[in-house]
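Protein chains: 2
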Amino acid sequence: MANPPLLPSSQPLFSQIKHMIVDRIKAGEFNIAEPLPSETEFARYYNVSQGTVRKAIAEIAAEKLVVRFRGKGTFVASHTEEREHSHFFHIVGNDRVKKLPGTKLLTCARRNATKEMEKRLNLKKGEDVTVVERLRIVDDLPIILETIIVSQKTFPDLRSVLNETVPNELYPLYEAEYQTRIVRAEECISAVVAGARKAKYLNIDIGTPLLQIDRVAFSIEDIPVEWRRSHCNTANHHYQNTLN
Amino acid sequence: MANPPLLPSSQPLFSQIKHMIVDRIKAGEFNIAEPLPSETEFARYYNVSQGTVRKAIAEIAAEKLVVRFRGKGTFVASHTEEREHSHFFHIVGNDRVKKLPGTKLLTCARRNATKEMEKRLNLKKGEDVTVVERLRIVDDLPIILETIIVSQKTFPDLRSVLNETVPNELYPLYEAEYQTRIVRAEECISAVVAGARKAKYLNIDIGTPLLQIDRVAFSIEDIPVEWRRSHCNTANHHYQNTLN
DNA sequence: GAGTGGTCTAGACCACTGT
DNA sequence: CAGTGGTCTAGACCACTCT
C-alpha cells in the first residue's frame, strides 16, 4: 500500500481506525452474541496492517467497550451483575468487606419531570420520567435509600418490567431490555442530615448524618440516561474510593 | 537471539522487562533530572528487541511512573502541584468548578502514635508521628479541616520543614524533601456531624453534617506513609468522583 | 546530524477455541 | 485442522530535540 489508505488527517492511523470501529459499535452494528470481525478482516477492510488494527482494538478493549478472547474472537462487552457491583457500587462495610445488598422496592411512578430532572438528564420540556424508590438492605438492615429517575422515553414501560422482575442491579436490565449500556457515571457526594421520611425508612433518628450520593449515568453514546440520588447510613458502612 | 534471553517464566517477556525496570525505578536508580536509558539501550541490555522494551515502558508510562517525550527521552514522573491537585483533590464547588484552596496551618506536633495510627500506617509499637492540623480555605471561607499523620521515621523533622515553607500541597514536598513519591491512595468516606471544635474552625453550627474523608496514601514501594482525615463542609462544595 | 520516542508494516511463532 | 488473539522480532519512516 503505497498511498495513505485513509484521510490525510493529523491523527495517527490506528486512532482513526479505533474511532471508526467505536462508532460502528455505538451504532449497534455488532450483535452481542457474535464476535466482531477479526483483526485480519478489519485490516483488509480498512486497508491497513494487522498491527495497526491490533493497536486500535487494544485501546477499545482498555476502555472496556469490547472483550477479547484468544481463540474465540472480540466481543462487545456486556455488563454482568458482577461487573456493575464491582465497578459502580462503592459502599463497603467498615470492615472493608463489600456485600451484595438486597433490594426492597418502595414506589415506582410516572411523573412530569421537574426542572432539576430536565437539567440533569438533558430532557426536553414536558417529558415524563419514571421515578423509582428503593431500599438497599445489608444483613437485614436498611443501609441506603435510593431515588432513581429515568426518562420515560429512553426506558418506556420500566414500571411493568420492574413489577415482573425486581432485579438487584438495574444497569444489566437497562442493557437487556432497552439495549442501553451504561459505560460511565459522575458522582457528587455530600453530607446531609436525615429528615423524618429518610429516618423512617432507614430506621434511624432524625438528624443522623447521611452520605448523599448524586449519580448521573451515561450511555455509550455519552447521553445522561439515569439520575440516582442515594442516601446512605454510614454508621457501619462507608464509601470507598481508590486513587491511582 | 536463538535462546530465551531471560528466565523461562510463564510471564510474557515484555512483562518481565517491565517489572525489572519498575524495580530499578523504585530502587531510585534513575536520577529524576536525567532520562532513563533509551529503548535501544534497554533492548541491548536485556537482549530483547526494541519493540518488547517499548511495550514494557508503555505500560509503565500508562501507570504514570514515567513520562515520555519524543526527541528527549523517558523520565521518572514527578508530582507537580498541578498533578496532585487534579488527581488527589476531589472537592469542587457545587457549580462544578474546582478551585485551588489556600491553607492555614493550625498545629504541628510530634506525638506518640495511637493504636489506630499504628494500624493505618503499619508502624512498629512506640514509633513517633508528626500530627499536622490545617484548614483549607476557598474564597476566604474555611471548607476543610484536615488532620495529617505521618511517621517521624519516614518524614524526620517535618515540623521545621513546614515552619519554613507552608506549602499548599504536601505530596510534592514529600517528594522533594524526602524522596518519597505518593502513587496511590485509598479513601473511606462517611458522614458525621460537627462537634464544638470542628464547628469553631469551620465557622458553622454544631450538628452541621460534614463529609469525613479518611485517606491513606501509599508510596511507590506500596508502603502506607500518610494518614489524612479531612472534614469537609458540603454546604457549597462536594466530593466529585467519575466512574469509567 | 545523531539520537529520541511514535507510528506502521510484515512476518514469525505460540496458546487457545472451534470443527 | 484452520482461525483467533497474544507475543516477539526486525526494519522502515516520521517528528522532534539537542548540540
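From first to last, the protein sequence lines stand for chains A and B. Each residue of the first sequence is one higher than the one before, starting from 0 at the first, in numbering that gives the first Met the number 0. Each residue of the second sequence is one higher than the one before, starting from 0 at the first, in numbering that gives the first Met the number 0. Backbone N, C-alpha and C fix where the C-beta goes; we use that ideal spot for every residue, glycine too.
Hey, is residue i's beta-carbon within less than 8 angstroms of any beta-carbon in chain A?
i, result
"I188/B", "yes"
"Y173/B", "no"
"A79/B", "Here residue 79/B is Thr; the residue named in the question, Ala, does not match the sequence. So, not an interface residue."
Where does residue i sit, in a helix, a strand or coil, going by DSSP?
i, result
"P3/A", "With a pLDDT of only 44 at P3/A, under the threshold of 50, the placement of this residue in the model should not be trusted; the figure read from the coordinates follows. DSSP places P3/A in coil when its eight states are reduced to three."
"K97/A", "coil"
"A57/A", "helix"
"E176/A", "helix"
"L161/A", "helix"
"D22/A", "helix"
"L35/A", "coil"
"L201/A", "helix"
"P141/B", "strand"
"L12/B", "helix"
"N243/A", "coil"
"T51/B", "helix"
"R69/A", "coil"
"S42/B", "Residue identity differs from the one stated: residue 42/B is Ala in this sequence, not Ser. Correct three-state label for A42/B: helix."
Buried or exposed for residue i, please, with buried defined as at least 16 other CB atoms from any protein chain shown within 10 angstroms of its CB.
i, result
"N240/A", "buried"
"Y44/B", "exposed"
"E40/A", "exposed"
"Q211/B", "buried"
"M0/B", "With a pLDDT of only 36 at M0/B, under 50, the local geometry of the prediction cannot be trusted, and no value is derived from it."
"T79/A", "exposed"
"T153/B", "buried"
"P208/A", "buried"
"V160/B", "buried"
"F87/B", "buried"
"F13/B", "buried"
"V165/A", "exposed"
"T113/B", "exposed"
"P3/B", "Because P3/B carries a pLDDT of 44, less than 50, the predicted location of this residue cannot be relied on, and no value is offered for it."
"K17/A", "buried"
"R23/A", "exposed"
"S189/A", "buried"
"L120/A", "buried"
"L140/A", "exposed"
"L169/B", "buried"
"A76/B", "buried"
"E81/A", "exposed"
"R135/A", "buried"
"L99/B", "exposed"
"A193/A", "buried"
Of all the CB atoms in chain B, is at least one closer than 8 angstroms to the CB of residue i?
i, result
"L242/A", "yes"
"V192/A", "yes"
"L157/A", "no"
"R183/A", "yes"
"F87/A", "yes"
"L6/A", "Low confidence applies to L6/A: its pLDDT is 49, below 50, so where it sits in the model is not reliable, and the reading given next is rough at best. Taking Cβ atoms only, chain B never reaches closer than 8 angstroms to L6/A, which makes this a no."
"P3/A", "The pLDDT assigned to P3/A is 44, lower than 50, so where the model puts this residue is not dependable; a value taken from the coordinates is nonetheless given after this. No, because no Cβ of chain B sits closer than 8 angstroms to the Cβ of P3/A."
"P237/A", "At residue 237/A the sequence reads His, which differs from the Pro that was named. Yes, because at least one Cβ of chain B sits closer than 8 angstroms to the Cβ of H237/A."
"P208/A", "yes"
"T233/A", "yes"
Inset, instruction - Evaluate contact between the stretch 71-78 of chain A and the stretch 32-42 of chain A, counting only Cβ atoms and requiring at least three cross-stretch pairs below 8 angstroms. - result: yes
Inset, instruction - Could you say if the stretch 118-134 of chain B and the stretch 96-108 of chain B meet the contact criterion of at least three C-beta pairs nearer than 8 angstroms? - result: yes
Inset, instruction - Could you tell me whether the stretch 195-212 of chain A touches the stretch 108-122 of chain A, using the rule of 3 or more Cβ pairs below 8 angstroms? - result: They do not touch, by the three-pair rule.
Inset, instruction - Jot down the residue ranges of each uninterrupted alpha helix (DSSP H) in the stretch 79-136 of chain A, minimum 4 residues, whole runs only, in chain order. - result: 80-87 and 114-120
Legend entry - Every unbroken alpha helix (DSSP H) inside the stretch 190-240 of chain B [4 residues or more]: 195-201
Inset, instruction - For the stretch 224-231 of chain A and the stretch 143-154 of chain A, state whether three or more C-beta atom pairs, one from each stretch, are separated by less than 8 angstroms. - result: Contact holds between the stretch 224-231 of chain A and the stretch 143-154 of chain A, because three or more Cβ pairs, one in each stretch, are under 8 angstroms apart.
Inset, instruction - Mind the definition here: the stretch 154-169 of chain B touches the stretch 45-63 of chain B only if three or more C-beta pairs lie below 8 angstroms; say whether that holds. - result: no
Inset, instruction - Take every Cβ of the stretch 211-221 of chain B, pair it with every Cβ of the stretch 181-197 of chain B, and state whether three or more of those distances are shorter than 8 angstroms. - result: Judged by Cβ distances under 8 angstroms, the stretch 211-221 of chain B makes contact with the stretch 181-197 of chain B, as three or more pairs qualify.
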